[in-house]
Structures are given as structure tokens and as C-alpha cells.
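*Asks:* Have a look at this one before I ask anything.
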Amino acid sequence: MREISHELTTFRSSAMLLSQTSPRLIDDYNGRWVAVLDGRVLLEAADPDDLFARMAEANIDSRYALVRHIQSNQRSLIL
Amino acid sequence: MIEGRRGDTTGRPYVEGRLALPHHPDNPYALCSFIVDTGAESSVLVPIDARRMRLDRSKLQHPKTTLGIGGAATGFEEYAFIILKDEHHRKLYNFRIRVFIPDETPEMMEIDGSVLGRDVLDHVVLTYDGPARRVTLDVTDCEESFEA
Numbered sequence: 119m120r121e122i123s124h125e126l127t128t129f130r131s132s133a134m135l136l137s138q139t140s141p142r143l144i145d146d147y148n149g150r151w152v153a154v155l156d157g158r159v160l161l162e163a164a165d166p167d168d169l170f171a172r173m174a175e176a177n178i179d180s181r182y183a184l185v186r187h188i189q190s191n192q193r194s195l196i197l
Numbered sequence: 002m003i004e005g006r007r008g009d010t011t012g013r014p015y016v017e018g019r020l021a022l023p024h025h026p027d028n029p030y031a032l033c034s035f036i037v038d039t040g041a042e043s044s045v046l047v048p049i050d051a052r053r054m055r056l057d058r059s060k061l062q063h064p065k066t067t068l069g070i071g072g073a074a075t076g077f078e079e080y081a082f083i084i085l086k087d088e089h090h091r092k093l094y095n096f097r098i099r100v101f102i103p104d105e106t107p108e109m110m111e112i113d114g115s116v117l118g119r120d121v122l123d124h125v126v127l128t129y130d131g132p133a134r135r136v137t138l139d140v141t142d143c144e145e146s147f148e149a
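For the protein sequence lines, the chains are E and G, in the order given. Here my numbering is used: the first residue of the first sequence is 119, the next is one more, and so on. Here my numbering is used: the first residue of the second sequence is 2, the next is one more, and so on.
Structure follows, in C-alpha cells:
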């Protein structure tokens with residue numbers, strides 16, 4: 119459980135990158151798919167298939183990475 | 002108190018957690034940013050997170066269809082653990098639920114976070130402070146909790 123606790127703390131720190139208003143990811147990655155790990159954008163790609171392929175090539179464990187499509191013209195999400 | 006966050010561009014309320022499928026033969030898991038959704042009856046593992054956890058869909062066993070604002074969605078329902086962390090009180094809470102896993106479609110791939118539904122939210126006091134862009138969860142009851 120101690121390991122899971124540490125993983126969650128680290129993951130939340132990375133996720134905060136997607137909530138910060140300065141600098142904003144949208145300014146540098148608009149329209150791109152990004153993989154965030156350890157508090158920074160490690161990889162970017164035009165589509166998710168390419169991003170997952172690059173993560174595999176780079177031996178990045180996707181279970182611990184945030185994957186997001188950064189876009190200014192988000193479609194409305196009504197669940 | 003579990004601290005959530007608001008997405009910068011999406012404005013959606015999120016909380017981070019760990020989702021595992023203990024009855025799946027591969028015992029897959031991933032850390033996830035969950036969209037907090039009081040309108041969802043059950044939690045959802047979206048395709049982007051299913052891919053991140055390297056889920057082998059051929060081993061899913063319980064087909065299910067759900068209804069949302071966009072219509073019916075087909076997929077599977079599986080037994081799952083969702084662990085949330087209270088950083089302030091240094092506690093982990095494990096929620097045993099049945100998660101919906103929709104089929105992978107291009108539209109579903111655009112949904113950027115799995116969903117934390119009322120199967121978990123019924124066990125917390127949820128505070129959503131729009132002006133302050135703050136989301137917090139206080140767990141009131143949970144079958145399992147651990148010191149973090």
C-alpha cells in the first residue's frame with residue numbers, strides 16, 4: 119500500500135500540470151496528443167495510436183502516464 | 002479530505018485514483034484522472050485509460066449496454082477496485098465496484114478521463130466550489146481503508 123500511496127501522490131502532481139494556468143499546455147500543444155509523466159510532457163503526437171507507439175518505443179509505462187488530447191476547441195461533453 | 006482539481010481548458014472536475022480489475026486474468030491496473038460525475042450511476046473506464054492499462058478486451062466476460070445523452074453504449078461490466086488517496090489524513094480508500102468498460106470507438110477515444118460515478122460518490126461528501134475552481138471529497142464510509 120505504501121507503493122500505491124507514493125504512485126498516487128506522484129501521479130496527482132503530474133495531473134496538476136493539466137490544471138495550471140501559467141504556463142498553459144494549450145499554448146504549446148494545441149491539437150496535439152501528449153503523454154505526461156513526472157510532472158512534464160514527455161512525448162507528443164498527432165494521434166493516440168502514434169503516441170502509444172512512441173511510448174512503447176521509449177519504454178514508458180503507460181499505466182503511470184497521463185494521456186491527453188490538448189485542444190482549444192473542445193467538444194462539449196455531456197455524459 | 003481528497004483534493005480534486007479543475008481542468009484548465011476543459012473546466013471539468015477531476016480526481017486522481019488507481020483503478021484495477023482484480024478478476025481479469027491479467028490483473029490490469031492504471032492510475033487515472035477521473036471526471037467527477039454525480040449523474041453517472043456507475044463508474045466508467047474509458048478507452049484511452051483501458052489502452053493505458055493494456056487491457057485485453059478479449060478476456061472481458063460480462064457484456065453490458067448503458068444509456069447516456071448520446072444514446073446507447075455497448076461494452077462490458079467488470080469487478081473493479083478504485084483507490085483514492087486523502088493526502089491530508091494520509092489514508093487510502095478502496096472502493097469495490099462494478100465498472101463499465103465501453104467499446105473503443107473514435108468518439109469514445111476523445112473522452113479524456115474515466116468517470117467516477119455514484120457507486121463511489123454515494124460514499125463521500127462532495128464539495129464543488131465553482132468560483133474557487135476547487136473540488137474536494139470527504140469519505141464518509143468505505144469498506145476498506147489503509148494508512149498511506
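Cβ atoms here follow ideal geometry from the backbone N, Cα and C, with glycine treated the same way. None of these values were measured; they are calculated from a predicted model.
Look up VAL45 (chain G) in the DSSP assignment and say whether it is helix, strand or coil.
*Replies:* VAL45 (chain G): strand per DSSP, three-state reduction.
*Asks:* Can you name the start and end residues of the beta strand (DSSP E) that PRO141 (chain E) belongs to?
*Replies:* Unbroken run through PRO141 (chain E): none, as it is neither H nor E.
*Asks:* Using a beta-carbon distance cut-off of less than 7 angstroms, what residues from the stretch 162-176 of chain E approach chain G?
*Replies:* Within the stretch 162-176 of chain E, the residues whose Cβ lies closer than 7 angstroms to some Cβ of chain G are PRO166, PHE170, listed in chain order.
*Asks:* Which runs of the beta strand (DSSP E) fall wholly inside the stretch 25-79 of chain G and span at least 3 residues, in chain order?
*Replies:* If we require 3 residues or more, the beta strand (DSSP E) runs fully inside the stretch 25-79 of chain G come out as 30-37, 64-69.
*Asks:* Does DSSP classify ILE122 (chain E) as helix, strand or coil?
*Replies:* Looking at ILE122 (chain E) - three-state DSSP - the assignment turns out to be helix.
*Asks:* Check whether the Cβ of LEU160 (chain E) lies closer than 8 angstroms to any Cβ atom in chain G.
*Replies:* No - not a single Cβ of chain G is within 8 angstroms of the one on LEU160 (chain E).
*Asks:* Could you check whether the stretch 142-161 of chain E touches the stretch 118-130 of chain G, counting it as contact only if at least three pairs of C-beta atoms, one from each stretch, sit closer than 8 angstroms?
*Replies:* No, they do not touch.
*Asks:* In this structure, does DSSP put PRO14 (chain G) in helix, strand or coil?
*Replies:* Reduced to three states, the DSSP call for PRO14 (chain G) is strand.
*Asks:* Just mark ALA23 (chain G) as buried or exposed, buried being the case when its beta carbon has 16 or more other beta carbons within 10 Å.
*Replies:* The sequence shown places Pro at residue 23 (chain G), rather than the Ala named in the question. PRO23 (chain G) is exposed by the Cβ-count criterion.
*Asks:* Among residues of its own chain, excluding the 5 on either side of ALA41 (chain G), which ones have a beta-carbon nearer than 6 angstroms to its beta-carbon?
*Replies:* Same-chain partners within the cutoff: VAL116, GLY118.
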